[in-house]
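This report refers to the structure that appears directly beneath it.
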Amino acid sequence: QFWAGAAFIPGQFWAGAAPPTTEATPSGTVFQVECRTEAGESVLVLGSAQALGSWDMKEAKPLKLEGTTWKSEPLDVGSGEVEYKFIVKKGDDVCWEAIEPNRKLKGGAAPPVVKFGES
Numbered sequence: 001q002f003w004a005g006a007a008f009i010p011g012q013f014w015a016g017a018a019p020p021t022t023e024a025t026p027s028g029t030v031f032q033v034e035c036r037t038e039a040g041e042s043v044l045v046l047g048s049a050q051a052l053g054s055w056d057m058k059e060a061k062p063l064k065l066e067g068t069t070w071k072s073e074p075l076d077v078g079s080g081e082v083e084y085k086f087i088v089k090k091g092d093d094v095c096w097e098a099i100e101p102n103r104k105l106k107g108g109a110a111p112p113v114v115k116f117g118e119s
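According to our numbering, the residues represented by the sequence shown are 1 to 119, in order.
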């Protein structure tokens, strides 16, 4: 018989069964921008919140390219209004978004996916 001698113990797995995998989903704000780049260029986000570097270029947060969109890691930008911009960097050369005013994120809102340099 199939079940003969087999005992199920809650919280344990059957022999040969792989445990389920889970992926942590850290909370925070993910900044996203569509931006054409060339080899060696990277896209970063910089802004008024401490999590965005407090406008200090050395503290700008790098984004990762996923398909055609650059995305940040989840960042804790707090609950107040935050101003920010995206930049493209290659070595020491930096290209700021040529938009005025700065992008603004209202407290608790999710930022939209935007196009670099377009308000």
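From the three backbone atoms N, C-alpha and C, an ideal C-beta is built for every residue, glycine too.
Because the structure is a prediction, the values reported are computed rather than measured.
The beta strand (DSSP E) enclosing residue i, as first and last residue numbers
i, result
"residue 32", "32-34"
"residue 42", "42-47"
"residue 65", "64-66"
"residue 69", "69-71"
"residue 55", "Premise fails: residue 55 is in no beta strand (DSSP E) and is neither H nor E."
"residue 93", "93-96"
Three-way DSSP call (helix, strand, coil) for residue i in this model
i, result
"residue 107", "coil"
"residue 83", "strand"
Pick from the options that is closest to residue i, judged by C-alpha positions
i, options, result
"residue 44", "33, 118, 77", "33"
"residue 37", "84, 111, 85, 64", "64"
"residue 105", "91, 40, 39, 46", "46"
"residue 67", "41, 97, 87, 35", "35"
"residue 91", "42, 113, 114, 72", "42"
"residue 113", "85, 89, 27", "85"
"residue 62", "78, 48, 31", "31"
"residue 29", "53, 72, 83, 87", "72"
"residue 82", "40, 115, 111", "111"
"residue 96", "115, 78, 79", "115"
Counted within 10 angstroms of its Cβ, other Cβ atoms place residue i as buried (16 or more) or exposed
i, result
"residue 136", "Because the chain spans 1 through 119 in this model, residue 136 falls outside it and cannot be assessed."
"residue 70", "buried"
"residue 108", "exposed"
"residue 51", "buried"
"residue 49", "buried"
message = Could you check whether the segment 51-60 touches the segment 98-110, counting it as contact only if at least three pairs of C-beta atoms, one from each stretch, sit closer than 8 Å?
response = Taking a cut-off of 8 Å on C-beta distances, the segment 51-60 does not touch the segment 98-110, as fewer than three cross pairs fall below it.
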